[in-house]
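Colleague: Residue numbers (the working numbering): 40 to 100. Beta carbons are placed, not taken as given, at the ideal position from N, Cα and C, and that holds for glycine.
(1) With DSSP collapsed to three states, give me the class of residue 44.
(2) So, for residue 77: in the same chain, excluding its five sequence neighbours on each side, which residues have a beta-carbon less than 6 Å away from its beta-carbon?
(3) Can you tell me whether residue 74 is helix, strand or coil according to DSSP?
(4) Do residue 59 and residue 95 have their CB atoms nearer than 7 Å?
(5) State the Cα-Cα distance for the pair residue 50 and residue 100, rounded to the nearest angstrom.
Here is the structure:
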């Protein structure tokens, strides 16, 4: 059963890492076109995904 826990830990970390990169990309693209609201939402998604990544690493340790 320990293998399933570590696989879940890696999988969730990769998922939230990819989501964080996507949010950062949205933030960058929106800031280049001077859309402050979209840039703020991209930042929020990136920060939330980063937080969930750390939580997933701690919970499934």
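Modeller: The structure says:
(1) Along the chain shown, read from residue 1 onward, the residue named residue 44 stands at position 5. Confidence in residue 44 is poor, its pLDDT being 49 and thus under 50, which makes the residue's placement too unreliable to answer from.
(2) As a working note, residue 77 is residue 38 in the chain shown. Hits under 6 Å: 69.
(3) Here residue 74 refers to the residue found at position 35 of the chain shown. In this structure, residue 74 counts as coil in the three-state DSSP scheme.
(4) Here the question's residue 59 lines up with position 20 in the chain shown. Here the question's residue 95 lines up with position 56 in the chain shown. It is not a contact, given that the beta carbons lie outside the stated cut-off.
(5) Residue 50 sits at position 11 when you count from the first residue of the chain shown. Residue 100 sits at position 61 when you count from the first residue of the chain shown. Those two C-alpha atoms are separated by around 13 Å.
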